[in-house]
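Asker: If you scroll down you'll find the structure; I have some questions about it.
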Amino acid sequence: MTVVCMNPNCKVVQALTPGANYFEILGLSSEPKFDLEAKDLRNKFLRIQQQVHPDSYSQNINGDQLYAQQQSSLVNKAYATLKEPLSRANYILELLGVPIHETESLNEPELLMEVMEARELLEDAQTEEEVEGLKEINNGRIQQAVDGLSKAFREQNLEAAKALAIELQYWIRIQNVIRDWAAGKPIVADHV
Amino acid sequence: MLRSTIFTASRSLFAKPSTVVAARFYHPKVIDHYERPRNVGSLNKSDPFVGTGLVGAPACGDVMKLQIKVDEATGKIVDVKFKTFGCGSAIASSSYMTERVRGMTLEDAGAIKNTEVAKELCLPPVKLHCSMLAEDAIKSAINDYKRKRAAATGTATGATASASA
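Heads up: the protein sequence lines correspond to chains A and B, in order. Residue numbers for the first sequence follow full-length UniProt numbering, so the first one is 1 and each next one is one higher. Residue numbers for the second sequence follow full-length UniProt numbering, so the first one is 1 and each next one is one higher.
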């Protein structure tokens with residue numbers, strides 16, 4: 001399924017294909033895959049986005065512009081989801097039937113303890129250097145979780161993948177707090 | 001010239017509603033707890049009469065710690081502290097919970113439902129899980145306290161209490 005008609009003389013934007021997953025939308029195999037080539041994904045995204053950009057259909061023949069808008073917005077969403085390891089992992093887990101539910105509560109004392117300590121260190125940090133050090137530690141955690149996810153998905157161990165996706169969620173949140181950190185500015189609520 | 005005027009006008013037009021929306025996002029009760037959180041801090045984790053509850057919300061990456069100090073003679077919660085890294089609703093839910101359980105017996109504190117927290121703070125449906133986190137946190141703290149006491153006294157009563165919790 002493509003977003004634009006394959007006939008070179010036609011090239012009309014197609015209506016949305018119901019049920020198409022984000023991998024298909026970006027021109028990949030519909031089989032969910034965690035290991036993606038970032039550059040390849042970006043190139044595919046840019047090429048498709050160019051084809052369906054609503055500005056190219058401003059004359060609105062046959063309702064093309066509406067289709068173009070819908071496809072363009074979907075393609076953006078697909079790329080945003082697959083680009084980042086965390087959202088990609090969550091999306092794959094959802095496709096494979098083991099999503100992380102809002103109402104789930106986590107009872108992993110060791111992980112929670114590490115998260116709590118990391119958050120407290122960040123809260124107490126006074127200087128850029130301190131935060132830089134914490135950032136390095138956290139980047140290591142992120143890398144480890146992403147590597148673990150890659151392995152778990154390759155081995156089709158979905159339980160392990162889910163646990164690692166949850167872990168990664170915590171490290172990414174810390175990464176966001178680090179990104180927004182400024183000396184003297186208190187960290188209270190870090191998301192809405 | 002006309003273009004820039006329209007641009008400025010439309011920008012100011014947009015600016016106003018967006019601040020209204022931001023202010024409306026949280027209920028005043030949530031904002032009150034968020035701006036003046038009650039009982040923030042930590043109790044000594046290794047104190048034999050302190051129970052620590054540590055829970056997390058995996059979907060959003062929130063983490064909440066709630067600690068209670070129990071007077072063994074009366075079985076009542078005499079001190080309570082919390083620390084939450086999360087959204088305003090999660091902070092407000094745990095702050096409210098600390099106020100609510102102070103002076104309560106463990107049994108009463110363990111019976112508090114998240115729906116009560118959500119109702120009191122007027123949490124919207126998408127934020128219900130924050131109040132659930134607060135309920136899980138107090139339960140987890142009570143369990144930790146019971147576990148500690150059972151281990152310290154080594155009595156069957158303590159073990160039963162911990163198992164039934």
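Using N, Cα and C, we set each Cβ at its ideal position, and we do this for glycine too.
1) Do you know how far the Cα of residue 131 of chain B is from the Cα of residue 148 of chain B?
2) Could you run through the segment 90 to 117 of chain A and flag, in chain order, every residue whose CB is less than 8 Å away from some CB of chain B?
3) Please say whether residue 100 of chain A and residue 93 of chain A have beta carbons closer to each other than 8 Å?
4) For residue 39 of chain B versus residue 98 of chain B, is the C-beta distance shorter than 8 Å?
5) I'd like to know whether the C-beta of residue 66 of chain B is nearer than 8 Å to at least one C-beta of chain A.
6) In the DSSP assignment, what are the bridge partners of residue 70 of chain B?
7) Answer with yes or no whether the minimum CB distance from residue 144 of chain A to chain B is below 8 Å.
8) Distance, Cα to Cα, residue 74 of chain A vs residue 47 of chain B?
9) Could you work out which residues of chain A lie near residue 170 of chain B, taking near to mean beta carbons separated by less than 7 Å?
10) Between the segment 71 to 89 of chain A and the segment 23 to 38 of chain B, do three or more beta carbon pairs fall short of 8 Å?
11) How far does the alpha helix (DSSP H) with residue 54 of chain B in it extend, from its first residue to its last?
12) Please confirm whether residue 15 of chain A has its beta-carbon closer than 8 Å to some beta-carbon of chain B.
13) Distance, Cα to Cα, residue 90 of chain A vs residue 162 of chain A?
14) Classify residue 63 of chain A: buried if its beta carbon has 16 or more other beta carbons within 10 angstroms, exposed otherwise.
15) So, at 8 Å on beta carbons, what are the nonlocal neighbours of residue 181 of chain A in its own chain, with the 5 sequence-adjacent residues on each side left out?
16) Tell me the residue span of the alpha helix (DSSP H) that contains residue 75 of chain A.
17) Identify the contact partners of residue 141 of chain A in chain B, using a Cβ-Cβ distance below 8 Å as the criterion.
18) Is the separation between the beta-carbon of residue 91 of chain B and that of residue 37 of chain B shorter than 8 Å?
19) Name the chain A residues that come within less than 7 Å of residue 129 of chain B, Cβ to Cβ?
20) Straight-line CA distance for residue 122 of chain B to residue 57 of chain B?
21) Along chain A, which residues have their Cβ under 9 Å away from the Cβ of residue 53 of chain B?
22) Quick check: residue 78 of chain B and residue 65 of chain B, are their CB atoms within less than 8 Å of each other?
Answerer: Straight from the coordinates:
1) Translated into positions along the second sequence, residue 148 of chain B becomes position 148. Translated into positions along the second sequence, residue 131 of chain B becomes position 131. One Cα belongs to residue 148 of chain B, the other to residue 131 of chain B, and the distance between them is close to 26 Å.
2) When CB distances to chain B are screened at a threshold of 8 Å, the residues of the segment 90 to 117 of chain A falling below it are 100, 101, 102, 103, 104, 105, 106, 107, 108, 109, 111, 112, 113, 115 and 116, in chain order.
3) To locate residue 93 of chain A, count along the first sequence from 1; it is residue 93. To locate residue 100 of chain A, count along the first sequence from 1; it is residue 100. Annotated as proximal: residue 93 of chain A and residue 100 of chain A, with beta-carbon spacing under 8 Å.
4) The residue labelled residue 39 of chain B in the question sits at position 39 within the second sequence. The residue labelled residue 98 of chain B in the question sits at position 98 within the second sequence. Yes, these two residues count as a Cβ contact at 8 Å.
5) Sequence index remark: in the second sequence, residue 66 of chain B carries index 66 (1-based). Interface flag for residue 66 of chain B against chain A is unset, since no Cβ pair is found closer than 8 Å.
6) The sequence position of residue 70 of chain B within the second sequence is 70, counting from 1. In the DSSP secondary-structure assignment, residue 70 of chain B is bridged to B:77.
7) As a first step, residue 144 of chain A must be located in the first sequence, where it is residue number 144. False, the Cβ-Cβ gap to chain B never drops below 8 Å.
8) As a working note, residue 74 of chain A is residue 74 in the first sequence. As a working note, residue 47 of chain B is residue 47 in the second sequence. Those two C-alpha atoms are separated by around 55 Å.
9) Because chain B here runs from 1 to 165, residue 170 of chain B falls outside it and cannot be looked at.
10) Contact fails: fewer than three Cβ-Cβ distances are below 8 Å.
11) As a first step, residue 54 of chain B is located in the second sequence; it is residue number 54 there, counting from the start. Annotation for residue 54 of chain B: no alpha helix (DSSP H) segment contains it, though the beta strand (DSSP E) segment containing it runs 50 to 57.
12) The sequence position of residue 15 of chain A within the first sequence is 15, counting from 1. No, residue 15 of chain A does not count as interfacial toward chain B.
13) Position 90 of the first sequence, counting from 1, holds the residue named residue 90 of chain A. Position 162 of the first sequence, counting from 1, holds the residue named residue 162 of chain A. The alpha-carbon separation between residue 90 of chain A and residue 162 of chain A amounts to approximately 8 Å.
14) Against the first sequence, residue 63 of chain A aligns to sequence position 63. Residue 63 of chain A counts as exposed, since fewer than 16 other beta carbons sit within 10 angstroms of its beta carbon.
15) For the purposes of this step, residue 181 of chain A is taken as residue 181 along the first sequence, with counting starting at 1. Scanning its chain for C-beta atoms nearer than 8 Å, with the 5 sequence neighbours on each side dropped, one finds around residue 181 of chain A the residues 122, 125, 131 and 187, in chain order.
16) For the purposes of this step, residue 75 of chain A is taken as residue 75 along the first sequence, with counting starting at 1. Note, residue 75 of chain A: alpha helix (DSSP H), 64 to 83.
17) Within the first sequence, numbered from 1, the residue matching residue 141 of chain A stands at position 141. Those do not exist, as residue 141 of chain A stays about 13 Å from chain B at its closest Cβ, beyond 8 Å.
18) Looking up residue 91 of chain B in the second sequence gives position 91. Looking up residue 37 of chain B in the second sequence gives position 37. Contact annotation: residue 91 of chain B and residue 37 of chain B have beta-carbon atoms nearer than 8 Å.
19) Sequence index remark: in the second sequence, residue 129 of chain B carries index 129 (1-based). Under the 7 Å cutoff, chain A gives 102 and 103.
20) For the purposes of this step, residue 122 of chain B is taken as the residue at position 122 of the second sequence. For the purposes of this step, residue 57 of chain B is taken as the residue at position 57 of the second sequence. Spanning the two alpha carbons is a distance of roughly 20 Å.
21) Your numbering for residue 53 of chain B matches position 53 in the second sequence. The CB of residue 53 of chain B never comes closer than 9 Å to any CB in chain A; the least such distance is about 10 Å.
22) Looking up residue 78 of chain B in the second sequence gives position 78. Looking up residue 65 of chain B in the second sequence gives position 65. No, the pair does not count as a contact, with Cβ atoms beyond the cut-off.
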